[in-house]
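> Structure in structure tokens, see below.
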Amino acid sequence: MKPWKANIRKVIPYVPGDQPKGSHLIKLNTNENPYPPSPFVSGALKEMDYDLFRKYPDPVASVLVDALAEYYNVDRDEIFVGVGSDDVIAMAFMTFFNSSKPVLFPDISYSFYPVWAELFGVPCEKPALNKEFQIVKEDYYRENGGIIFPNPNAPTGLYMPLSEVEDIISHNQESVVIVDEAYIDFGGKSALPLTRKYENLLVVQTFSKSRSMAGMRIGFAIGNPDLIRALNDVKYSYNSYTMNMPSQILGAKAVEDQAYFKETTEKIIRTREQAKVRLRELGFTFPDSMANFIFASHKTAMAKDIYEALRANHIFVRYFNQPGIDDYLRITIGTDEEMEALYRFLEEYL
Ligand code: PMP
1 MKPWKANIRK VIPYVPGDQP KGSHLIKLNT NENPYPPSPF VSGALKEMDY
51 DLFRKYPDPV ASVLVDALAE YYNVDRDEIF VGVGSDDVIA MAFMTFFNSS
101 KPVLFPDISY SFYPVWAELF GVPCEKPALN KEFQIVKEDY YRENGGIIFP
151 NPNAPTGLYM PLSEVEDIIS HNQESVVIVD EAYIDFGGKS ALPLTRKYEN
201 LLVVQTFSKS RSMAGMRIGF AIGNPDLIRA LNDVKYSYNS YTMNMPSQIL
251 GAKAVEDQAY FKETTEKIIR TREQAKVRLR ELGFTFPDSM ANFIFASHKT
301 AMAKDIYEAL RANHIFVRYF NQPGIDDYLR ITIGTDEEME ALYRFLEEYL
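Quick note on this note's numbering: the sequence shown kicks off at 1 and runs consecutively.
Now the structure itself:
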């Protein structure tokens, strides 16, 4: 073997959902928002000064940080922004998870966590969800080098009451606890207010789902200024100009339009609740999702077969060929029309 080949780092990467090309398809596979971003965003884009493209962006993303500080009623030094929450969480792994003790996250959860653990060389342990797919809080009472879990969890959609989230944090004040709230705007209470009570708590959110801006890549974390300072030190040791200027400006615009945010998230929640009724009628069972997707298994038909049949008919959902969840499809909530097309197909197919 060539010596340089021996020095290549071997990793098993995270596999993102398909981004199929074409307009005549129904895309319910990556939990994107089916509605466009706020008209405040398109308005600002039309007026954008292209001289911004020539210059380096503001490394502290002050327009966006200011907008978030105002919206969430926190100080600017309590906010860290990154290129999607994937970037924020990767930075957080690098910054906070450096112990020889294992980082804990649920066995069925966001499948990027084990990839980061491997990439950054930190040991991890994955407490199993219970039979109902719930996180068992007592499993997080053991010694650890950090904890991360999504709430609502992905891909199950199950929300853990804030009292249980707080119970996990209060039992783990020796390590950093990260609550990944990618889907919190679709139901449930955020742990954000607890960041003033627990200095070791970091709450991460994203513009990819509830703010219809997955393509702009905007994520953020809120926590104690000491945590945020540590995250920034690592960020500036790695890449100082992470977020481009259009994302900063358009992200800030999205935050300003509170009415549109409320209207679109409420629409998705309504469609999700209807989807629960319709999918149940079609013979599916699922945990009671509080996210913008439903993790559904069929009583008789195999998930993989349904997935392939849907795909052949240009309807894309997510299927994980993984032990424990290979009987399930993760179906993103689309518009009412998209969901009707899904039910129509399923009615015939099943
Ligand atoms: N956390 C969870 C639980 C997710 O499902 C996702 C979406 N893949 C992310 C984080 C990352 O989202 P983004 O990088 O688009 O903010």
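Even glycine gets a Cβ: it sits at the ideal position worked out from N, Cα and C.
What you are looking at is a predicted structure, and each value in this text was computed from that prediction instead of being measured.
#1: Closer than 7 Å to a non-hydrogen atom of the ligand PMP - does that hold for the CB of Tyr238?
#2: Within the segment 203-258, note down every full beta strand (DSSP E) run reaching 3 residues or more, in order along the chain.
#3: Please report how far the alpha carbon of Lys299 lies from the alpha carbon of Ala275, in whole angstroms.
#4: Short of 6 Å in beta carbon distance, which residues of its chain neighbour Arg272, apart from the five on each side in sequence? Order them along the chain.
#5: Which same chain residues end up closer than 6 Å to Asp167 when comparing Cβ atoms and leaving out the 5 residues on each side of it in sequence?
#6: Would you list the residues whose beta-carbon is nearer than 5 Å to any heavy atom of the ligand PMP, in the order they occur in the chain?
#7: Which residues in the same chain as Asp257 place their Cβ atom closer than 7 Å to its Cβ, once the five residues preceding and following it in sequence are excluded?
#8: Decide yes or no for the touch test of the segment 222-237 against the segment 106-113: beta carbon pairs closer than 8 Å, at least 3 of them.
#9: Count the other CB atoms, across all protein chains shown, that sit within 10 Å of the CB of Ser210; report buried if there are 16 or more and exposed otherwise.
#10: Indicate the three-state DSSP secondary structure (helix, strand or coil) for Tyr349 in the structure shown.
#11: Could you give the distance in angstroms between the alpha-carbon of Ile135 and the alpha-carbon of Thr156?
#12: What is the rounded straight-line gap between the Cα of Leu52 and the Cα of Pro323?
#13: Quick one: what does DSSP say Leu25 is sitting in, helix, strand or coil?
#14: Rounded to whole angstroms, what is the Cα-Cα separation between Ser373 and Tyr141?
#15: Assuming Phe295 and Val81 are in contact, meaning their beta carbons sit under 8 Å apart, how far apart are those beta carbons, in whole angstroms?
#16: In terms of alpha-carbon separation, which member of Ile12, Gly146 and Leu64 lies closest to Ala252?
#17: Is Asp18 helix, strand or coil by DSSP?
#18: Take Phe320 as the anchor and find which of Arg344, Leu158 and Pro16 has the nearest alpha-carbon.
#19: Between Phe186 and Leu158, is the Cβ-Cβ spacing less than 8 Å?
#20: What are the boundary residues of the alpha helix (DSSP H) that Ser297 is part of?
#21: Measuring alpha carbon to alpha carbon, tell me which of Arg311, Lys55 and Arg344 ends up nearest His24.
#22: Do you know how far the Cα of Phe345 is from the Cα of Ala352?
#23: Going by DSSP, what residues sit across from Pro150 in a beta bridge?
#24: Which partner residues of Val103 appear in the DSSP bridge assignment?
#25: Tell whether a beta-carbon distance below 8 Å holds between Lys189 and Leu162.
#26: Just tell me which of Lys126, Tyr50, Leu129 and Val176 has its CA closest to the CA of Asn244.
Let me lay it out:
#1: Here residue 238 is taken as the residue at index 238 of the sequence shown, counted from 1. No, the ligand PMP has no heavy atom inside 7 Å of this Cβ.
#2: If we require 3 residues or more, the beta strand (DSSP E) runs fully inside the segment 203-258 come out as 219-223.
#3: For the purposes of this step, residue 299 is taken as residue 299 along the sequence shown, with counting starting at 1. For the purposes of this step, residue 275 is taken as residue 275 along the sequence shown, with counting starting at 1. Going by C-alpha positions, Lys299 is about 17 Å away from Ala275.
#4: Here residue 272 refers to the residue found at position 272 when the sequence shown is read from its first residue. Ile333, listed in sequence order.
#5: Counting from one through the sequence shown, the residue named residue 167 turns up at place 167. Answer for Asp167: Lys137, listed in chain order.
#6: Residues flagged by the Cβ proximity filter: Gly84, Ser85, Asp86, Tyr110, Pro150, Ala154, Asp180, Ala182, Thr206, Ser208 and Gly219.
#7: The residue you call residue 257 lines up with position 257 of the sequence shown. Within the same chain, Asp257 has close Cβ partners Ser38 and Phe40.
#8: No: fewer than three Cβ pairs fall under 8 Å.
#9: Against the sequence shown, residue 210 aligns to sequence position 210. Ser210 comes out buried.
#10: As a first step, residue 349 is located in the sequence shown; it is residue number 349 there, counting from the start. If DSSP states are grouped into helix, strand and coil, Tyr349 belongs with the helices.
#11: The residue labelled residue 135 in the question sits at position 135 within the sequence shown. The residue labelled residue 156 in the question sits at position 156 within the sequence shown. Answer to the nearest angstrom: the Cα atoms are 11 Å apart.
#12: Residue numbering aside, residue 52 sits at position 52 when the sequence shown is read from its first letter. Residue numbering aside, residue 323 sits at position 323 when the sequence shown is read from its first letter. If you take the alpha carbons of Leu52 and Pro323, they lie about 48 Å apart.
#13: Within the sequence shown, residue 25 is the residue found at index 25, counting from 1. Leu25 falls in the coil class under three-state DSSP.
#14: What is shown of the chain runs 1 to 350, which leaves residue 373 out entirely.
#15: On the sequence shown, position 295 is the one that residue 295 refers to. On the sequence shown, position 81 is the one that residue 81 refers to. That belief does not hold up - the Cβ atoms of Phe295 and Val81 are roughly 29 Å apart, past 8 Å.
#16: Along the sequence shown, one-based indexing puts residue 252 at 252. Of the candidates Ile12, Gly146 and Leu64, the one whose C-alpha sits nearest the C-alpha of Ala252 is Leu64.
#17: One-based indexing of the sequence shown puts residue 18 at position 18. Asp18 falls in the coil class under three-state DSSP.
#18: Position 320 of the sequence shown, counting from 1, holds the residue named residue 320. Distances from the CA of Phe320 to each of Arg344, Leu158 and Pro16 were compared; the closest alpha carbon is that of Pro16.
#19: Reading the sequence shown from its first residue, position 186 is the one you call residue 186. Reading the sequence shown from its first residue, position 158 is the one you call residue 158. Not a contact, by the Cβ cut-off of 8 Å.
#20: Position 297 of the sequence shown, counted from the first residue, corresponds to residue 297. Here Ser297 belongs to no alpha helix (DSSP H); instead the beta strand (DSSP E) covers Phe293 to His298.
#21: Taking the sequence shown and counting its residues from 1, the one referred to as residue 24 is at position 24. Ranking the options by Cα distance to His24, first place goes to Arg311.
#22: Residue 352 cannot be examined here, being either before or after the span of the chain that is shown, 1 to 350.
#23: Stepping through the sequence shown from its first residue, residue 150 is reached at position 150. According to DSSP, which records beta bridges pairwise, Pro150 is partnered with Asp180.
#24: As a working mapping, residue 103 is identified with position 103 in the sequence shown. Beta-bridge pairing links Val103 to Cys124 and Gly146.
#25: Working through the sequence shown from its first residue, we reach residue 189 at position 189. Working through the sequence shown from its first residue, we reach residue 162 at position 162. Contact flag set, yes.
#26: The count along the sequence shown starts at 1 and reaches residue 244 at position 244. Nearest option by C-alpha distance: Tyr50.
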